[in-house]
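Have a look at the structure below, then the notes.
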Amino acid sequence: MRQIELLKLGENVLKKENIQDSHIKASTLLQYVLKQTKQELIINSKEIVEPSKINKYNNYLQKIIKGTPIQYITKHQQFMALDFYVDENVLIPQPDTEVLVEEGIKIIKEQNMEVLDLCTGSGAIAISIAHYCQNSTVTATDISQEALEVARKNANLNNVNIEFIESNLFDKLTERSFDIILSNPPYIETDIIKTLEKDVQAEPHLALDGGKDGLEFYKKILNEAHKHLKTKGYLMLEIGYNQGNAVTNLEHKNLKLITKQPIKDLAGNDRIVIFQKEG
-13 MRQIELLKLG
-3 ENVLKKENIQ
7 DSHIKASTLL
17 QYVLKQTKQE
27 LIINSKEIVE
37 PSKINKYNNY
47 LQKIIKGTPI
57 QYITKHQQFM
67 ALDFYVDENV
77 LIPQPDTEVL
87 VEEGIKIIKE
97 QNMEVLDLCT
107 GSGAIAISIA
117 HYCQNSTVTA
127 TDISQEALEV
137 ARKNANLNNV
147 NIEFIESNLF
157 DKLTERSFDI
167 ILSNPPYIET
177 DIIKTLEKDV
187 QAEPHLALDG
197 GKDGLEFYKK
207 ILNEAHKHLK
217 TKGYLMLEIG
227 YNQGNAVTNL
237 EHKNLKLITK
247 QPIKDLAGND
257 RIVIFQKEG
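The opening position of the sequence shown corresponds to residue -13 in the working numbering, with each subsequent residue numbered one higher.
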């Protein structure tokens, strides 16, 4: 079978199962199996594919149909124009989270700031900040040792220096303070997770489950953040598309954080809330 025929077969198989972006996924998967770029796939479209690679391709197609995200097969996701290794131990970095990083970069600019990424997962936020804000010092925490192993791998892949700490939020950060704290914490309501698409459900629930109301981690972070922020420091949180009011209206025990206007994503939904510690 020629490459172009195998690609068409893959696209049709995925389309029949109502898999979104069937052509893109079929093409990406074939590039991975054949170890070719997108351009090479076009140039070599009439080349014959050996049977073992056809079998491998078909097996991967079945995994996608059963709900395995394609990124867990290829072990790759691009974020902020950087390459990241991903596996089943971490959430797959999504374009919406780039809004959080971009807003952080606007504040940091060329300044020498101390930055903390809570719930770092794959390390996408911390590594992007370290890459684009090279004068800053970046620390990243996660409760999952397995996730931190992935994050360390990605830091090496992108040649950045980050301090990684295994910690449940601020637990291991006693007496430490930062200019900026960023976080994309778990924020999906527990009962909602089982209604999500199969490929989302395949991601680690530890990194998805925000408790009964989806706000559990925001409450914990907001109750502790002021202790770990320098004067006029920023807390920047990614939120679910419908959580803007709920998060900004949370009662703080400290009352030392000023709420800024929520930042919207490209779809026009609230995506980032920013708080600042009073001077």
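Positions of the beta carbon are idealized from the N, C-alpha and C atoms, including for glycine.
- Taking L86 as the centre and dropping the five residues before and after it, the same chain places the C-beta of I111, L168, N170, M222, E224, I258 closer than 7 Å to its C-beta, in chain order.
- In the DSSP annotation of this structure, the continuous segment of the alpha helix (DSSP H) that includes R138 starts and ends at 131 to 143.
- In this structure, I179 keeps its C-beta atom at 8 Å or more from the C-beta atom of G200.
- The continuous stretches of alpha helix (DSSP H) do not include V259, which lies in the beta strand (DSSP E) extending over residues 256 to 263.
- DSSP, reduced to helix, strand and coil, places A116 within a helical segment of the structure shown.
- Within the region 151 to 175, the complete beta strand (DSSP E) runs of at least 3 residues fall at 164 to 169.
- Looking only at L0, I(-10), C105, F65, the smallest Cα-Cα distance to I29 is reached by I(-10).
- In this structure, DSSP gives V72 a state outside helix and strand, which the three-state scheme calls coil.
- The Cβ atoms of Q229 and G53 lie no closer than 8 Å to each other.
- Approximately 5 Å separates the beta-carbon atoms of T123 and E100; this is inside 8 Å, confirming the contact.
- Between the alpha carbons of Y227 and T14 lies a distance of about 29 Å.
- CA-to-CA, the gap between V233 and N45 works out to about 43 Å.
- Annotated as distal: I50 and I10, with beta-carbon spacing of 8 Å or more.
- Under DSSP, V124 takes part in a beta bridge, and its partners are V101.
- By the C-beta density criterion, A116 is buried, having at least 16 other C-beta atoms within 10 angstroms.
- The three-state secondary structure of T83, taken from DSSP, is helix.
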